[in-house]
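Protein chains in written order, with the numbering used here: chain U, 468 to 784; chain F, 9 to 324.
Where is the CB? At the ideal position from N, CA and C, for every residue including glycine.
Report on the following structure.
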């Protein structure tokens with residue numbers, strides 16, 4: 468799942484073709500314990516907070532998005548004041564409020580995109596890994612074609628093509644961005660599912676299930692899928708982190724979620740904050756970047772914990 | 009030998025499907041492509057465009073025509089109000105800029121990551137190891153465009169140490185050229201350093217437990233020599249592969265970094281093409297990037313088997 472995305476690099480690490488299986492002591496030091504630990508709990512608390520911001524922003528005591536605070540403009544001082552811990556943007560709007568309200572769009576896009584990629588890529592991966600043979604060859608080659616285009620370039624192209632309708636509404640643009648990121652993530656999610664399916668498909672309990680006459684869909688869903696699920700889950704966590712970053716990248720490239728006072732996303736806050744930064748006000752870029760940073764960090768950490776805990780063999784490709 | 013033929017077949021298939029996908033992008037445009045590409049021109053221009061892009065032909069014929077143009081270096085045109093300008097003219101200037109950025113970033117990343125990986129592996133579990141690993145984990149959570157914006161603002165604007173934007177040709181002034189590329193390359197390299205370092209460390213730790221290392225130590229070789237001469241080479245294979253695979257990350261990253269630092273590379277071209285809705289240009293640019301990426305990966309694969317005979321035979 469290559470990319471703009473430093474985090475995407477993690478996924479690349481997970482797929483070195485023909486790598487030698489390292490002997491033990493491979494996981495990151497901080498995640499090696501396989502237990503959540505303090506950092507793990509902090510990560511979970513942060514993600515719950517983010518989820519709350521996305522679901523019910525009204526829980527948070529921040530001003531309305533449209534409200535402007537003329538004092539900051541008059542004094543040309545956009546720094547923090549009492550009641551406005553992050554200060555203001557260059558039009559005198561409360562930055563914390565923008566961050567809180569921007570969470571929903573970022574989360575909707577990244578979670579939906581990865582779910583989309585996981586449903587399609589995961590299904591194809593299961594089928595390829597279970598049936599092998601010709602089906603496997605076809606699906607694997609299809610994944611390879613997808614991987615032959617860098618993820619950001621693929622998402623960018625799709626977003627540009629499908630957003631070409633200048634009259635498209637906000638919802639439609641969000642859908643296009645979600646689809647573009649989701650589609651671009653199918654190959655990598657599929658490949659990892661396939662690799663893990665391969666290691667489970669011929670185990671004794673699967674054969675036993677076959678012997679007593681279980682139908683193929685039942686075997687796939689009841690026997691194989693639960694064993695592959697941890698791998699899919701850990702890669703989904705990393706995938707969401709990547710999707711958050713790609714959303715920001717698309718926004719900077721001008722094909723992200725449309726920037727608008729009432730519809731911020733972390734990505735378009737970074738993109739629109741760029742011009743404020745050139746005027747000497749880095750506040751908005753820094754604030755939105757910090758949200759992205761902690762969220763990506765939390766997702767990466769938890770992804771690693773899940774991987775270590777379930778002994779996911781990512782190099783079994 | 010069989011293997012080589014199979015790989016060549018796969019390469020051909022991948023190239024075919026990638027170009028097929030990009031060649032049909034224009035057909036995916038909602039509505040009449042000619043309307044979308046030339047929204048303000050008159051019907052005569054559109055008719056000419058339909059003719060040029062073979063929009064009235066069936067898909068296979070359109071693909072063959074497009075491919076014929078593409079391989080002979082005709083990447084289509086920009087369609088502006090009055091002028092049509094070949095895309096190829098711009099690519100010739102832009103591609104080297106992007107390549108420079110990616111090469112600088114990759115070299116920088118390896119130069120920093122290899123010593124770090126070797127040193128941390130030597131004392132695995134020590135303070136430096138833990139510190140480097142934790143830092144790397146943090147760096148991986150910083151999107152490269154965020155790093156680019158931060159560097160451009162704090163180092164470029166506030167401190168004024170390096171130019172925050174702009175590009176200087178290598179032929180005009182080498183020092184200024186390197187200065188203009190420094191911040192972009194660092195932004196792009198940081199994430200790679202973290203990946204490469206962790207990877208090399210893991211492989212080094214495994215290699216250092218091998219018998220031939222014990223042998224080398226028993227012969228009385230210095231620690232330094234054992235690490236750099238005996239352990240590094242067999243440990244560098246995964247690093248090499250991932251460095252190749254990571255070209256994709258670099259390509260995606262470079263596109264955005266170029267825009268932030270206003271470097272006139274492929275990313276800026278794509279950005280302009282998108283904002284001007286130049287779909288024919290987008291199509292060719294994406295195809296060029298994808299083909300370049302595929303070829304690099306093939307090259308890495310070949311290099312990989314050349315370096316390690318064990319793997320060449322084992323992989324079959």
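- Return the chain-ordered list of same chain residues with a C-beta closer than 7 Å to the C-beta of residue 485(U), the five sequence neighbours on each side being excluded. Position 18 of the first chain holds residue 485(U). Because residue 485(U) carries a pLDDT of 36, less than 50, the predicted location of this residue cannot be relied on, and the following value inherits that uncertainty. Excluding positions up to five away in sequence, the list is empty.
- Is it true that the CB of residue 511(U) sits closer than 8 Å to the CB of residue 587(U)? Position 120 of the first chain holds residue 587(U). Position 44 of the first chain holds residue 511(U). Taking 8 Å as the Cβ cut-off, residue 587(U) and residue 511(U) do not qualify as a contacting pair.
- What residue does the beta strand (DSSP E) around residue 143(F) start on, and which one ends it? Sequence index remark: in the second chain, residue 143(F) carries index 135 (1-based). Where residue 143(F) is concerned, there is no enclosing beta strand (DSSP E), although the alpha helix (DSSP H) it sits in stretches over 135–148.
- Can you name the residues of chain F whose CB is closer than 8 Å to the CB of residue 611(U)? Locating residue 611(U) in the first chain gives position 144, counting from the first residue. 18, 22, listed in chain order.
- Message: One question on the structure: do residue 563(U) and residue 551(U) come within less than 8 Å of each other, judged by their Cβ atoms?
- Response: The residue given as residue 563(U) occupies position 96 in the first chain. The residue given as residue 551(U) occupies position 84 in the first chain. Contact flag set, yes.
- Query: Is residue 771(U) helix, strand or coil when you go by DSSP?
  - Reply: Start at 1 with the first residue of the first chain, and residue 771(U) comes out as number 304. Of the three classes helix, strand and coil, the one that applies to residue 771(U) here is helix, per DSSP.
- Task: Note down, in chain order, all residues in the region 133–157 of chain F with a beta-carbon under 9 Å from any beta-carbon belonging to chain U.
- Result: 133, 137, 138, 141, 142, 144, 145, 146, 147, 148, 149, 150, 151, 152, 153, 154, 155, 157
- Item | Contacts that residue 530(U) makes with chain F (C-beta to C-beta distance below 8 Å) | Counted from its first residue, the first chain places residue 530(U) at position 63. Here the premise fails: no neighbours, minimum Cβ distance about 26 Å.
- Rounded straight-line distance, which links the Cα of residue 59(F) to that of residue 469(U): Taking the first chain and counting its residues from 1, the one referred to as residue 469(U) is at position 2. Taking the second chain and counting its residues from 1, the one referred to as residue 59(F) is at position 51. For residue 469(U), the predicted structure reports a pLDDT of 39, less than 50, and the residue's modelled location is therefore unreliable. A value from the coordinates is still provided. Distance between the alpha carbons of residue 469(U) and residue 59(F): 37 Å.
- Task: Specify, as a first and last residue, the run of the alpha helix (DSSP H) that residue 51(F) falls within.
- Result: Indexing the second chain from 1 puts residue 51(F) at position 43. First-last of the alpha helix (DSSP H) with residue 51(F): 51–60.
- Item | Own chain residues within Cβ distance below 8 Å of residue 187(F), not counting five before or after | By 1-based counting over the second chain, the position of residue 187(F) is 179. So the qualifying residues of the chain are 170, 171, 176.
- Could you spell out the range, first to last residue, of the beta strand (DSSP E) harbouring residue 547(U)? Numbered from its first residue, the first chain carries residue 547(U) at position 80. Segment: none, residue 547(U) is in no beta strand (DSSP E) and carries neither H nor E.
- Task: Compute the Euclidean distance between the alpha carbons of residue 524(U) and residue 758(U), then round it to the nearest angstrom.
- Result: Taking the first residue of the first chain as 1, we reach residue 524(U) at position 57. Taking the first residue of the first chain as 1, we reach residue 758(U) at position 291. Roughly 15 Å separates the two Cα atoms.
- Item | Assigned secondary structure, residue 599(U) (DSSP; H/G/I helix, E/B strand, else coil) | Position 132 of the first chain, counted from the first residue, corresponds to residue 599(U). Coil, per DSSP.
- Query: Going by alpha carbons, who is nearest to residue 245(F) out of 216(F), 212(F), 194(F)?
  - Reply: As a working mapping, residue 245(F) is identified with position 237 in the second chain. Closest by alpha carbon: 212(F).
- Query: What residues in its chain sit with their C-beta under 8 Å from that of residue 148(F), if we drop five residues either side in the sequence?
  - Reply: As a first step, residue 148(F) is located in the second chain; it is residue number 140 there, counting from the start. Same-chain partners within the cutoff: 199, 202, 203.
- Query: Is there contact between the region 154–164 of chain F and the region 744–757 of chain U, where contact requires at least three CB pairs shorter than 8 Å?
  - Reply: yes
- Query: Do residue 596(U) and residue 692(U) come within 8 Å of each other at the CB atom, strictly closer than that value?
  - Reply: For the purposes of this step, residue 692(U) is taken as residue 225 along the first chain, with counting starting at 1. For the purposes of this step, residue 596(U) is taken as residue 129 along the first chain, with counting starting at 1. It is not a contact, given that the beta carbons lie outside the stated cut-off.
- Task: Report the option in 630(U), 690(U), 762(U) whose CA atom is closest to the CA atom of residue 673(U).
- Result: In the first chain, counting from the first residue as 1, residue 673(U) sits at position 206. Comparing Cα positions, the closest option is 690(U).
- May I have the straight-line CA-CA distance separating residue 522(U) from residue 133(F), to the nearest angstrom? Position 55 of the first chain, counted from the start, is the residue given in the question as residue 522(U). Position 125 of the second chain, counted from the start, is the residue given in the question as residue 133(F). Spanning the two alpha carbons is a distance of roughly 41 Å.
- Task: Name, going along the chain, the residues of the region 744–755 of chain U whose beta-carbon falls closer than 7 Å to a beta-carbon of chain F.
- Result: 744, 749, 752
- Query: Between 625(U), 553(U), 566(U), which lies nearest to residue 733(U) when the distance is taken from Cα to Cα?
  - Reply: Taking the first residue of the first chain as 1, we reach residue 733(U) at position 266. Measuring from the Cα of residue 733(U), the nearest candidate turns out to be 566(U).
- Checking contacts by CB at 8 Å: is residue 716(U) closer than that to chain F? Reading the first chain from its first residue, position 249 is the one you call residue 716(U). Taking Cβ atoms only, chain F reaches closer than 8 Å to residue 716(U), which makes this a yes.
- Message: Counting only C-beta atoms, is residue 628(U) closer than 8 Å to chain F at any point?
- Response: The residue you call residue 628(U) lines up with position 161 of the first chain. Closer than 8 Å to some Cβ of chain F, the Cβ of residue 628(U) qualifies, so yes.
- Task: Under 8 Å by Cβ, that's how I've got residue 326(F) and residue 116(F) pegged, so tell me the actual separation to the nearest angstrom.
- Result: The requested residue 326(F) does not occur in the structure, where chain F is confined to residues 9 to 324.
- Do you know offhand how far residue 17(F)'s Cα is from residue 713(U)'s? As a position in the second chain, residue 17(F) is number 9, starting the count at 1. As a position in the first chain, residue 713(U) is number 246, starting the count at 1. Approximately 32 Å between the Cα atoms of the pair.
- Message: Suppose you measure from the CA of residue 260(F) to the CA of residue 298(F); what does that come to, to the nearest Å?
- Response: In the second chain, counting from the first residue as 1, residue 260(F) sits at position 252. In the second chain, counting from the first residue as 1, residue 298(F) sits at position 290. If I take the Cα positions, the gap works out to 11 Å.
- Task: Could you pull out every residue in the same chain whose Cβ sits closer than 8 Å to the Cβ of residue 13(F), ignoring the five residues on either side in sequence?
- Result: Walking along the second chain from the start, residue 13(F) turns up at place 5. Contacts found: none.
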